[in-house]
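Below is one structure, written out as structure tokens; comments come after it.
Number of protein chains: 4
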Amino acid sequence: MVHHDLSEKLIKWRRDFHQYPETGFLEIRTASIVASILDQLGFELEMGKDVMSPEHCMGKPNDMVTRQHLEWALENGANKDYTAYFSEGYTGIVATLDTNKNGPTIAYRFDMDALDIHESDSTDHFPFKEGFRSTLENKMHACGHDAHTSIGLGLASLIAENKDNLCGKIKLIFQPAEEGTRGAKSMVEANVVSDVDYFIASHVGIGVSQGHVVAANNGYLATSKMDISFKGFASHAGGDPEKGKNALLAAATATLNMSAISRHSQGSTRINIGELHAGRGRNIIPDNAALKVETRGATSEINDYVKKQVESIVDGAATMYNVDYTIDLVGEGKSCTSSRELASIIHECAQDSDAIINSVLESNESTGSEDATFFMEKVQKNGGLATYCIFGTDLAAGHHNEQFDINEETLSQALEILYDSCIRLCNVNTSK
Amino acid sequence: MVHHDLSEKLIKWRRDFHQYPETGFLEIRTASIVASILDQLGFELEMGKDVMSPEHCMGKPNDMVTRQHLEWALENGANKDYTAYFSEGYTGIVATLDTNKNGPTIAYRFDMDALDIHESDSTDHFPFKEGFRSTLENKMHACGHDAHTSIGLGLASLIAENKDNLCGKIKLIFQPAEEGTRGAKSMVEANVVSDVDYFIASHVGIGVSQGHVVAANNGYLATSKMDISFKGFASHAGGDPEKGKNALLAAATATLNMSAISRHSQGSTRINIGELHAGRGRNIIPDNAALKVETRGATSEINDYVKKQVESIVDGAATMYNVDYTIDLVGEGKSCTSSRELASIIHECAQDSDAIINSVLESNESTGSEDATFFMEKVQKNGGLATYCIFGTDLAAGHHNEQFDINEETLSQALEILYDSCIRLCNVNTSK
Amino acid sequence: MVHHDLSEKLIKWRRDFHQYPETGFLEIRTASIVASILDQLGFELEMGKDVMSPEHCMGKPNDMVTRQHLEWALENGANKDYTAYFSEGYTGIVATLDTNKNGPTIAYRFDMDALDIHESDSTDHFPFKEGFRSTLENKMHACGHDAHTSIGLGLASLIAENKDNLCGKIKLIFQPAEEGTRGAKSMVEANVVSDVDYFIASHVGIGVSQGHVVAANNGYLATSKMDISFKGFASHAGGDPEKGKNALLAAATATLNMSAISRHSQGSTRINIGELHAGRGRNIIPDNAALKVETRGATSEINDYVKKQVESIVDGAATMYNVDYTIDLVGEGKSCTSSRELASIIHECAQDSDAIINSVLESNESTGSEDATFFMEKVQKNGGLATYCIFGTDLAAGHHNEQFDINEETLSQALEILYDSCIRLCNVNTSK
Amino acid sequence: MVHHDLSEKLIKWRRDFHQYPETGFLEIRTASIVASILDQLGFELEMGKDVMSPEHCMGKPNDMVTRQHLEWALENGANKDYTAYFSEGYTGIVATLDTNKNGPTIAYRFDMDALDIHESDSTDHFPFKEGFRSTLENKMHACGHDAHTSIGLGLASLIAENKDNLCGKIKLIFQPAEEGTRGAKSMVEANVVSDVDYFIASHVGIGVSQGHVVAANNGYLATSKMDISFKGFASHAGGDPEKGKNALLAAATATLNMSAISRHSQGSTRINIGELHAGRGRNIIPDNAALKVETRGATSEINDYVKKQVESIVDGAATMYNVDYTIDLVGEGKSCTSSRELASIIHECAQDSDAIINSVLESNESTGSEDATFFMEKVQKNGGLATYCIFGTDLAAGHHNEQFDINEETLSQALEILYDSCIRLCNVNTSK
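Residue numbers (my numbering), protein chains in the order written: chain V, 2 to 433; chain S, 2 to 433; chain D, 2 to 433; chain C, 2 to 433.
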């Protein structure tokens, strides 16, 4: 049972993060606050580049953007005792509590980043009405990661309070840049889950109703996010059209042909060219084109198939128009198969919770992509168990919508189940 | 011969306009200064909507942009006695001098607008070295219209000084928004050349060397400038791809198919999709796309053929993807056939000038497009004569280049020929 | 148990049909022989247009082809007492045996048509070695419908022999033109299953091993087969390119854009432009183009989504190039959900058969498309039960391969199960 | 003046060739008859591979087609004394008459091949009415090469009769396979014009009226004819779509992008994909595609520009879909600039002819492509003079139309001018 004080804190934390949303690799204020609380609770902290491999950070903003955001964070409530760890945008935290008793290493992962969305100021939008709407233009916690971070702090609190009932080691992973599936890989590559026996990631909402739980959500599609650019040669469209090397035509034909990549008999695929920007004037043969592309596949193999076709098509389109190109991988996620044994434990915790109406062991509904799958794959490859669970909540509007909001009762409900799972995993292992 | 004082003034005017470049339909400062000088010289002025048909202005900036620019003009040297005439962005002027003697109506046209180009601050760039570089970011007289306006004022000066030697009526037309071929049509539709017997347009440079003249430049291609937009429906690319209506795919297939419009057996054509911007995020089916397109043709008929294909293709692409579309005509130019009889007079003036090394009667080199052709077509349809002449100049760099600059000696050379043509046209007619 | 004489007959029949393969709506020889045998066995026969709605026959050959084939059939062993019923190419047969006892109406469907494939004459190809290879160029039973027809005649024999053990009515449906999913709809529209309580379709092979059975194969994708043509206007590519209306460019852009139809979140889709033929000479703007297209979807609704996009895209492509078009629907199949209750009975029959190693109740493997689904949908809509079962067999090569061949032991195995199902369905109902 | 007997012969020859039309590299009957007549007239003959470089024959039919046609020729009036020279399809002839007097080497070129067109049997079609319609299905002299061959024989006759009035050497070149611009290059490569001082090619019709002559027709566009094929990998479109390598999609995207090759500022271009055939069945991923493509350009350089783009685009399209490709050059023509000095002589001959109403020295009207340009280029490169002239004629219908027919009076008119040019060229040189 989550006691009243902690319930209040969960809401307070969540609303604070909600007001100061920070997008991927810029969670400086958030991380500094998270770190200070975890430190106070007695966790051992590893931060920044110690828990993130710089070369595996995908789609990270450039230094100027990061520095500007750092200034903003310092002016807007960041805890200055900790900002130094995160000032370059490596905003990950791994907080470990070692019980010094034999037992498993159990990890929980929470994501912290917000989205480039302008939050609604409609009077019936709860965060606006209650005065905790985003203070920033075009930045919003519209996916619930503010809740996740808050739940993570709640879990840290309960673990610290109940340290004596636990065994083994407990690791709380606070991850940057889940949006765009950009941050997890760098933490995996920094070995933060290499010693983990049990790994649990979770999300609020995603189509699951208030009071319902899914113990293993396996519908995530593997995905690759690519920034593609073509570089040609400009010339006057009236006077010298034949001298141009047309990057826009290369991009247009790549767009059409990427969209025409064959379906795969072994499972579903997706391809989207989400943005295309090209050209520098009506009367100039366009010499530049930039595309934002994403592929998905029911399995990592199927996604690789689509990605490989993208590479051939882009190469061919560049050959056609004698232009240069680059493909930058700016995000990646794996497909997901939760460990049934671990999911069963979450399922039991949920079934035993008074606040939970119903729990489902497994769902295969396709619900986008997630980079927690990198952690899961790593843990499972090492012989550990992993699952991804969903805590249902009433949504005011869909994820990534400007009116998105959750029911804050979910905070305590999720915390209770996660804490219970921690207790049970200790017992499972102790009783072995 | 252009006297020394006037030569000095030509340079002073040109450098002033060069420092304060104003793009199409925003030539408020320029027009206010031009108007004040012409007024002083005794010309009868018609301005703004009196000489421009609002519904035929193409690609005119919106009201907010115009208002902001008006403020800038007022703070940067506009003549406040005249800005009221131009405050809504109708910046055309027709200055008439009636000799009250029998004779023809002779019109000269000068264009006043600048380009969205950032002027070089290289130390070997003459305007920078001499301290008259553009005072504005991303605005530059990089095509020589500053010179044209200056020559126009010079011509007004000589005409006013020599009024007694002239006959008939002389009209000086100062046109906005030649770039993008947007402004002339609105002046023609306001009937400013409906009474004109002789019409002379001119340009400096365009590949003709210092001291050389082309009396009739007939290579201009007819052109249409179009802003095309597609409006679809956004949906999540992973979760609901089939619910999207993909405006980017419509735009990409329109782009390819427009580029594939068949050549025409009767003369050359051009098609360019100069810019394409589409989409609002990597993982969202794009619901918007905007294209900047231009067509050209050796004759107005051939250009119409290309434009009609563009319309069919855009319509078809929208049908394919079940999206809406708009095509806005934001610029237009006609093809050009100068009147040989009038060109011969310019040719003679040039041959008789000491400063001119060589004059060519006619050139058919393709040199882009021009909307002076609207005036020419109108005058010729009414039985008048029209020509388009070029005054060669040393160019520091090509037109529309950030290092573009002319040899200022061309100012006096051009003025001399234009003034001489005015004298001869009076004589031709008097002697008839 | 299938007695020895009948086993021999099954093989004899199958090899005869194999030697004289007839493609869709041309099964005149086959149908005449089937009809004569059924007639002899005492079944009541309905044939030709009585069991096929002409306007719902898709992709039927033209009259000339049909007449020529009729002549061939008459010269190659057709039973002339029955050819009159089938001479126009309506080659369906419904054979009914009414036990005159209360009981259900049970229908079994068998397809009779062959493929446009040239059968192997390799010495290790069993039909060649045993002397029953196709007697025709480019025609071959390469899918096993010869076996199906033979099993159907075997079932008729057992039913006739054991009439007294049965109740209700038994209908044997011999369907033309299953290849291309063209024939079933016309029989459904002629109401041949409107009174049916139980409907069983079956196939040999399809990836199921010898001795194995699938009682309900639900993986069939809904499908539409379309012949699309564009009609433009020819002109000389050198002399008058602008006068052409380019049907090939319309077809090429339709091809690309059809291939780019978005995936569907609710299930798998397929799109294939299998053939494109266009143009009449290198130097002529192509005025004709013909495409063979097929769509598929996990459900009939999803297939309809794809088909609707095809229609928009073809319409848009024609608009782009100002050409005319036609879309002819030449084949169609529905998705499939077998009735579990009926499948269970087949499952039991298979499990009880000594010759069967293993039976699977249900499979969802995607295995192409089938138009038996039209019968199934109709029966199920009327409250009846339907299933589609597979009888495994050793395949010499895959379906539609020139070396395709089955293990003839499957003939008796399949017959035994189908006959047993008939017995059980009588008992099920009697015992009710 | 052409005497009556020869006029009659011209018509007789022309009608004979008209009745037995032979397409490129198959002019066996025609060449055997031409050779026998030239031999009789005393010309020295070089034939077959002696005047044609096999590796430079483009788009030559295969051996089987050639052998079958040889049989037909032997049965249809070929002169068996000469067929051996042409039996492999190298059907060119160079007939030389050496006057053994000092003087220039003068060459005249005549083409002999027919088209794959089915001749009209309308009662108002003159060849049908007069009984000399083509005896072959789908073969027709619909471009006037029957007339050209006849004029060539007439010229041979006059030269032989008047040998004593001539000087130098006269070469009559009878060329195969002008249609598709396939045959000339192989004769040039065999050096048949390496010693030529004056070269004259000619054509009847082409938009010039009866009694009119063009002495230098310079409008021919350089051209390349290419057969392009893509080879992919087939797979089942329902079962294994991802295993296919789609040659049709490669061809479709190549088609669109080739059509989108940029215009050239220096002169007109053409691109046509005249035919596309791909695929082997509706439900199979297409593994083959064949395209017939032609490019043209106002100059050989401009055509090379277009051809190079074609090569890049085909390469890129193959890369996109991971398929193989081949590009076979099956025809080629150069652009054309007649030598004014030589054209003036033809012009004078025409002006002096009583039968000619009007002669034009030069025309630049675009009239397709011609491979006589290979001879012209070679002669001019060696310092010789060359021209291409047109003899006007009344056309019953346009070239390449099934109702095409000429006015036979043109035969004598053309012959007179050509013979006169020969006389004058001797005199020009003698008088030097």
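Backbone N, C-alpha and C define an ideal beta-carbon position, used for all residues, glycine too.
Cβ separation of residue i and residue j, assumed to be a contact under 8 Å, to the nearest whole Å
| i | j | result |
| --- | --- | --- |
| C/S336 | C/L222 | 6 Å |
| D/A255 | D/A344 | Not quite, the Cβ-Cβ distance comes to about 41 Å (not below 8 Å), so this is no contact. |
| V/I1 | V/V214 | As displayed, chain V neither begins before 2 nor continues past 433, which places residue 1 of chain V out of reach and without an answer. |
| V/I314 | V/H265 | Going by Cβ atoms, the distance from V/I314 to V/H265 rounds to 16 Å, so no, they are not a contact pair. |
Environment of residue i [buried if 16+ CB atoms lie within 10 Å]
| i | result |
| --- | --- |
| C/A398 | exposed |
| C/D353 | exposed |
| D/D125 | exposed |
| S/H5 | exposed |
| C/T270 | buried |
| D/M65 | exposed |
| S/E45 | exposed |
| D/S195 | exposed |
| V/E180 | buried |
| S/S123 | exposed |
| D/D165 | exposed |
Nonlocal neighbours in the same chain, by C-beta distance under 7 Å from residue i, ignoring five residues either side
| i | result |
| --- | --- |
| D/K433 | Low local confidence applies: a pLDDT of 45 at D/K433 is under 50, so the model's placement there is unreliable, and no value is given. |
| V/K156 | Just to set this straight, residue 156 of chain V is Leu in the shown sequence, not Lys. Once the five neighbours on either side are set aside, the close Cβ partners of V/L156 are Y109, L173, L416, L419 and Y420. |
| S/K61 | F26 and G90 |
| C/V95 | E47, V52, K172, I174 and V193 |
Neighbourhood of residue i by C-beta, 6 Å cutoff - its chain only, sequence neighbours within 5 removed
| i | result |
| --- | --- |
| S/S33 | A79, N80, Y83 and T84 |
| V/H57 | K186, S187 and E190 |
| D/W14 | S151 and L154 |
Own chain, CB closer than 8 Å to residue i, minus 5 neighbours either side, in chain order
| i | result |
| --- | --- |
| V/L330 | M59, S225, K226 and M227 |
| C/K49 | According to the sequence as given, residue 49 of chain C is Gly; it is not Lys. Cβ neighbours of C/G49 beyond the five flanking positions: Y86, F87, E89, Y91, T92 and G93. |
| S/D355 | none |
| D/A235 | G245, R281, I285, I286, P287 and D288 |
Any non-hydrogen atom of the ligand ATP within 7 Å of residue i CB
| i | result |
| --- | --- |
| C/D288 | Looking for the ligand ATP in the displayed structure turns up nothing, as the structure carries no ligands at all. |
My parser needs the alpha helix (DSSP H) runs of 4 or more residues fully inside the region 169-230 of chain C; what are they? 185-190
Near-chain C residues of the region 103-120 of chain D - C-beta to any C-beta below 9 Å: D117
Which full runs of the beta strand (DSSP E) of 3+ residues lie inside the region 260-333 of chain V, going along the chain? 270-279 and 289-298
If we require 3 or more residues per run, which beta strand (DSSP E) segments fall completely within the region 363-392 of chain V? 386-392
Going along the region 248-268 of chain S in order, which residues come within less than 7 Å of chain D, judged by CB to CB distance? L250, T254, N258, A261, S263, R264, H265 and S266
Residues in the region 193-226 of chain C with C-beta within 8 Å of chain D's C-beta atoms, listed in sequence order? L222, T224 and K226
Using Cβ-Cβ distances below 7 Å, what residues of the region 157-178 of chain V are close to chain S? none
Could you give the uninterrupted runs of the beta strand (DSSP E) lying entirely in the region 30-60 of chain V, keeping only those of 3 residues or more? 45-48
Would you mind listing the alpha helix (DSSP H) stretches within the region 91-156 of chain V that are 4+ residues and don't spill past its ends, in chain order? 127-130
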